Every structure is written in C-alpha cells, then in structure tokens.
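Residue numbers (my numbering), protein chains in the order written: chain A, -6 to 350; chain B, -6 to 350.
Virtual Cβ for every residue (Gly too), placed ideally from N, Cα, C.
Given the structure is predicted, the values throughout are model-derived calculations rather than measurements.
Number of protein chains: 2
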Amino acid sequence: MPPARQGPNLSRIATSLGVSVATVSNALSGKGRVSEQLAERIREHAAEMGYVPSQAARALRTGRSGVIGLVLPDIANPLFPKLAQAIEFAATSAGYGVLIADSRGNITAQTEAINRLVERGVEGLVIVPRRATRISAASCPVAVIDTASTPGNTVAADHWQGGRDIANHLAELGHKRILVIGNNPESNVQNDRVGGIRSGLRPDMHSSTLWVERLERESGMGCTLGLAEKVREGYTAFAALSDLQALRALTELQRDGIVVPDMASVTGFDDLIFSPVITPSLTTVAMDMATIADVAISSLLKTIQASGSREGVLVSADTDRVPMQLIVRQSSGPVDPTNGGPTTVDPAKRASQTENS
Amino acid sequence: MPPARQGPNLSRIATSLGVSVATVSNALSGKGRVSEQLAERIREHAAEMGYVPSQAARALRTGRSGVIGLVLPDIANPLFPKLAQAIEFAATSAGYGVLIADSRGNITAQTEAINRLVERGVEGLVIVPRRATRISAASCPVAVIDTASTPGNTVAADHWQGGRDIANHLAELGHKRILVIGNNPESNVQNDRVGGIRSGLRPDMHSSTLWVERLERESGMGCTLGLAEKVREGYTAFAALSDLQALRALTELQRDGIVVPDMASVTGFDDLIFSPVITPSLTTVAMDMATIADVAISSLLKTIQASGSREGVLVSADTDRVPMQLIVRQSSGPVDPTNGGPTTVDPAKRASQTENS
DNA sequence: ACGCATTGGTTAAACGATTAATCCAATCCG
DNA sequence: CGGATTGGATTAATCGTTTAACCAATGCGT
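What follows is the structure, given as structure tokens:
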C-alpha cells in the first residue's frame, strides 16, 4: 500500500552522502562521535534536502511522543482561550505539541477524554478539573491547575489573595456592605475567592453571598438578580467571582438606572476579553496565565524526565500559587456619601424617570 | 536506555496465546483471514490484558498519524471556545486527535505554526486564517474556515445571510437609520456581514459604518464610541458585527442614559458566552459551529483518504456555507416613535438627570 | 485420484530513527 | 616497539504494527 515514500529520511541522506545512517543520526543529534567537519557537511545537506525527522519513528524507538495533553472541563469556558494560549506557548517553547480534549461536562467524559489522550501516547497531562472532581491519576504524569486548596493541585492563581485584594480595594473606597456574586458554591476556585474576600473585610464591613446558579434553578435561566433591591437595602458594592457575573450585574444595574460607579461599584475576576472595553470598564483581578502555564509545563516536563514516564504521578511544583493582579478600572469608585445607608433613594423611581423622561 | 517495556503489545498477546503476531493483528483489525472462533478468543484476551495499540508504531508503519491540526489566528479570540469544542468533537468522533497551534498574530508565526504541526505528522489541517491572509497550502490537505467569499475557503457560516437577517429584523421593527459597528474593514468575515446588512436594507433605510479599530487609532484604545451623539443624529439601531462590539455599544448607551431597546436597538453577531445573560440580553446571529465543524472535518478526512495524503490540497466541501440563525432577545425592539427624527431629545441631559436625581 | 481453489494461518519484510556494540585505524606512552 | 587508548565511523538490533507473500491442509469437481 505505501507506494512511494518520498520525504527525505536518514537513510536517504546517508546514501546520498556515502555514510551510514547512524552517523547521520549522530551528527544531527550531536550525540555520538562524529568529526566536526563531517557533521557540518551532513547538517548542511540535510537542511537543503528539507529533512524533517519522523516523529512517529522517534516516538516508537524512544517511547517519547513529544506531545502533552490538555484536558478542559468545558472548552466553552470563557477563560479557556487565555489558558490554552499560554499552555500552547509554554509547551511549544519546550518543543512539545499540545493535544486537546474537552471533557464535556460530566466526569465519565473526563475520564474518557483522558484515556483517549493516553492512548495517543501523550507523555503528560495538564488538567483543569471540572468543579470539585479529584483527578484519579492516569497512567502518566498529571499537572492539575485548579486552586491551591484543591488536594493534588500543581499550580494555580492565588485566588484567595485575589479576593483579599478586591476586599482591600473596596475597603479603601469606603464600602461597608458588599454583595458577593458567585455562580456555584461547589467550585473550589469560587470558594477560595469568597474566602479571600471575607478575610480581607475590615471589622466594620459586612458581606453576604448570592449564588446565581441556585437562584436560576428557582427563578429560571437568565432571570434578573434583583440587584436594584440590594442597592435599596444598602449594598454599595458588588463583588462578582467572575467577570461574566460582574458583567451581568453591571448591565442589570445600568438598566435599572443605577450609575456605576457613582452609585454602586462592581468588580470581577479573570479580566475576560470584554472587561476592558465595556463602559464603564471593569475593575477586576487577573491571573498571570503565562506564569501559571510556565510552571505547570516545566514541572510536568521535569517529572516526565525524572520518572520512567510510566506510573501516573501527580506533579507538584515549588511555586504552587501565582499572585493575581488587581486591575483598577472605571467600575469601582468611592462610595456615594448620599447612598451610604439603606433606602436613601428609590432606584426604581430613578429608573422609571430615566425611561420616561 | 529503555529498560523494561511493559505495556501489553501484539507480540505479548501472541506468545501468550500461542499464535503469531500477524494473526493477532488480523483478528483485532478484522482484515486478514482468521477463524471467527480464534478471533473472538484473541479479542477477549487482548481486552483483559488491557491492550492498547501503539499509535506511534501504527503511524510509522501506515504513515497515518490519526491526528489533525487546528490553527487559529489568535486563540484568545472569544469565538474560539465554541469552534475548538466543535472541531474537537467532530474529530474525536471520527477517531482523530486534535493538535492545536496558535498563530499569534503575524503571518510568519502562522507559517511556523503550520510547519510545527506538519512536522508532528498531522494528516490534515483546519485553519481559521488571520484576517485576509491567503493560505499557501502546506504539505498536507487543508480545510479553511473563514467566509464563503474568501478564495480557497472550505466551509463557513453564511455571514452574508446573517447580515441580511439582521437587516430584515431591524426593518420589521421600523428602524430607518442604522449604524453598523465593525472592528476592522480588512476582515473578510466582517465585510461579508456588512455586505449582507446593506443588501437587506429597504429603500427607505440608510446605514453608515463605524470601524472601531480605526477610531481607536486616533482616539486611543478603549475610547468612547460617541454613540449618544449618533442617537441625537437620528440613529435608532446599532448593528455590531460582533457581540463584543455590541456589548461595548450597549454598555456605552446604557451609561449615557439611553435605554435599550426602548430608545435604541443593539444587535450583534456570534452569540458569545455573555450574550444571553446580560441585561438586556443581546439579539444576535449565531453560527452553527457543530455543522461547520462536521463539514470541515468530514471533507478534510475525505480528501485525506482520497489523496496519497501528500501534496497540499485545499479541501473543498459540497456545502460551503452554513446558514446562521437569528436569535431575537431583548436588546432589539420597535423603534421609539418619539425618537424617529434627529435631536428629539437630549440624551446627555437625560443622563445627567439620572446621575443627579 | 488429481489438479485447483479456498480456508486459516505463519513468515518476514518493511516503516524511520536511536543506540549499544563493534571495528579499524591512528596515536600515545612507558 | 607493543599494548592501551581514543577518535571516527559502521553494524545491527530494536521499538510495535501492518501487510504482502507464502504454505499447509481441506474440500470439490471431473
């Protein structure tokens, strides 16, 4: 069936130069003993023939495929682009390729995805686990990116510190009552972020938490969050655990005639693509994806080289939490002195004024 | 160096069953001639030994790696998650793996990315080209996802029709003056969308176009688009060529006290992750990513199987444009009768009312 | 009974690179 | 001067599959 192999290979180079394949291999890899002269001649010739080593053959012989797998809980996650980009860059820089797999929601799919990658011969895996699932190590080294409080986590942003930074920021602006808006309390990441926020509150501050997914289960998808009511109750700041929730909050407030940041502040997490360009632009806390990816990949590769590359090991890194960076933009500002207490004004009325004027 | 291969392989299965490797291979692939009895026995035994074929060896022997490459102009593109997810799913269903590569902006990087993938032995490529770059075919079949008007395009959403749908929708709502908001006039996709919109306008309608990137080059990144002014001039609808621009427009309008959709309508493209959850939720036009991915992958694989899998061919499909679907949400509504002409009200005044009340 | 297909299986040669084991000088040193 | 060393290159085995070619035994028609 294979009618005519035509790509240049070691053997073709060898015969055309009148030497043995081993010599060519040695010259190109710089491993064996070849005179510098000959080596140079070989490299030249190989280059001009456009030689490209067969990864398949190399993989077969050495048992190293030069590929790692990236498993994501849900590719549609808005955070994914940055992560994938960073991982791809780090891996490529280290001479590795990246195979992706989407673990579409459920845990069985995640396991299947992992298996597929392993069967394809990946040398290691980078996994962003779904919600609170623990990774039962596959048959190769695994680096986990979730949050430092997850057992088995390799490296992640310091979500806790990010939360504290947000709390500090809001404290400095004079906010006393803060509503934390999260999606799901089962997410380790979101829990760390809430924890961080709470730990950063001054004694005279108070916070409560709104879980959107829970609310939607009762009131239907895409329901309103009732934030205008919260403003009336005296909340002056809305700290969302993700820019997506922050955006949701921001637009809802705006629609109800509550001017941000004049009358209420909104903050988010993750610095998603839209955050800098909306009006007002969003104050948020960004992960240092590049560093996270670097740490994950480098410690993964270290483990791969150390281990016989069999056994599923959970990789650990020396830096397991990477600082997050507060980015102050327009959506957060000093608390409105006239709106310090509950029910100073009636936002509903204000909204209707706006609509009807 | 390789001390102890341990994974079960054909030969191990063969000896443990007292047959030849060829027979095992045949039994497992169902190709050669093996009695049904023996075949069954072999399959059983292989399964319980946990046999996993070596992709590397198979790739080496057959020249088929079972992997395709996905090249993206910029992974950070918010559209990417859906695309990658769809491609990954289609490829996986067909038994292929997906290697990703980010072509980080410039065209040289795109070429390099392609080369890396080819060196890794991908059998074919799916490329979403950067802006208006033409793909100079690599040394393997290439499927291009851009827009039908791009020469060499394989399959894409019917952006033109999507534009027409938007125009129709706005026409039915009674809008006469429409501002199209795009990012960059060099994008084939955006141009098709504008073209579609224009072609769908009724004789009594009028549109002009605002290119954000051009504006930002003059007024600085993240500058305001001055849409309140446009409303004053009589524009009642803002048709953005991407949900990202639509969001930008929507938030700017809201901040300036212009209620959407009561006083102005906003529409987008792509149905990005945030579009359904903002307030008001965004009217948009969605691509059918699943179908696009299916067509791309299936015609790519068809070409791979047909060709000797060498030569870089630009794959073509029988369906080259997949319909887009209009999703009407809250951000578009009938034109405000009191706001039909220019300068009926002063939005700036209204905004300040809101802020000071 | 003899040639001829058919069935069920084996042998062995690839695929292309890596690498341990040799081999053959030429050189070095006591 | 002879044995040990070393630099420089070759031989050949190996990774795990696939597959063409081959072979033995059986069945069948004439």
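Contact of methionine 214 (chain B) with chain A is assigned, a C-beta pair being separated by under 9 Å. Segment contact: the region 213 to 228 of chain A against the region 152 to 166 of chain A, fewer than three CB-CB distances shorter than 8 Å; contact not assigned.
Counting the other CB atoms within 10 Å of its CB gives asparagine 146 (chain A) a total of 16 or more, which places it among the buried residues.
With respect to the 9 Å criterion, phenylalanine 231 (chain B) and leucine 208 (chain B) are not classified as neighbours on the basis of their beta carbons.
For the C-beta of serine 58 (chain A), the chain B residues within less than 7 Å are, from N- to C-terminus, Ala49. Measuring C-alpha to C-alpha distances from asparagine 2 (chain B) to each of B:Lys295, B:Ser129 and B:Gly43 identifies B:Gly43 as the nearest.
Beta-bridge pairing by DSSP links glutamine 323 (chain A) to no other residue. Arginine 123 (chain A) is outside the set of residues whose beta carbon lies under 9 Å from a beta carbon in chain B. At a beta-carbon threshold of 7 Å, none of the residues of chain A lie near serine 292 (chain B); the nearest stands roughly 21 Å away. For aspartate 158 (chain A), the enclosing alpha helix (DSSP H) begins and ends at 152 to 165.
Between leucine 194 (chain B) and alanine 239 (chain B), the C-beta gap is not smaller than 9 Å, which leaves the two residues out of contact. Between the alpha carbons of arginine 210 (chain A) and glycine 0 (chain B) lies a gap of roughly 47 Å. Of all residues in the region 251 to 280 of chain A, only Val252, Asp255, Ile266, Phe267, Pro269, Val270, Ile271, Thr272, Pro273 and Ser274 come within less than 7 Å of chain B when Cβ atoms are compared, listed by chain position. For isoleucine 285 (chain B), no Cβ of chain A is located within less than 9 Å of the residue's own Cβ. Contact between the region 318 to 329 of chain B and the region 255 to 273 of chain B is present, with at least three C-beta pairs closer than 8 Å.
Following the DSSP letters along the chain, one finds isoleucine 297 (chain A) inside the alpha helix (DSSP H) bounded by residues 282 to 299.
Bridge partners of alanine 136 (chain A) according to DSSP: A:Val119. Isoleucine 61 (chain B) and glycine 88 (chain B) have their C-alpha atoms roughly 10 Å apart.
In this structure, the beta-carbon distance from leucine 92 (chain A) to glycine 114 (chain B) does not fall below 9 Å.
Within chain A, no residue has its CB atom less than 7 Å from the CB of phenylalanine 231 (chain B), the nearest being about 13 Å off. Membership of threonine 244 (chain B) in the alpha helix (DSSP H) is indicated by the continuous run 236 to 248.
Between the alpha carbons of alanine 77 (chain A) and proline 66 (chain B) lies a distance of about 13 Å. Our two residues, arginine 241 (chain B) and isoleucine 297 (chain B), have alpha carbons roughly 43 Å apart in a direct line.
Closer than 9 Å to the CB of isoleucine 93 (chain B) there is at least one CB belonging to chain A.
The Cβ of glycine 189 (chain A) sits no closer than 9 Å to any Cβ of chain B. Counting C-beta atoms within 10 angstroms of its own C-beta, glycine 189 (chain A) has 16 or more neighbours from the protein chains shown and is therefore classed as buried. For leucine 294 (chain B), the closest of B:Thr312, B:Thr16 and B:Gly117 by C-alpha to C-alpha distance is B:Gly117. The residue among B:Glu29, B:Ser180 and B:Pro254 with its C-alpha nearest the C-alpha of serine 142 (chain B) is B:Ser180.
Beta-bridge annotation (DSSP): valine 45 (chain B) is not paired with any residue. Within chain B, no C-beta atom comes nearer than 7 Å to that of proline 66 (chain A); the closest sits roughly 12 Å away. The C-beta of leucine 203 (chain B) comes no closer than 9 Å to any C-beta of chain A. Valine 27 (chain B) is outside the set of residues whose beta carbon lies under 9 Å from a beta carbon in chain A.
DSSP places leucine 172 (chain B) in the uninterrupted beta strand (DSSP E) bounded by 170 to 175. The three-state secondary structure of serine 268 (chain B), taken from DSSP, is coil.
Nearest Cα to threonine 272 (chain B) within the set A:Gly250, A:Val27, A:Ala289 and A:Val187: A:Gly250.
Cβ-Cβ distances below 8 Å link aspartate 139 (chain B) to Val121, Pro122, Asn146, Ala149, Asn181 and Val182 in the same chain, with the five nearest sequence neighbours on each side left out; the list follows chain order.
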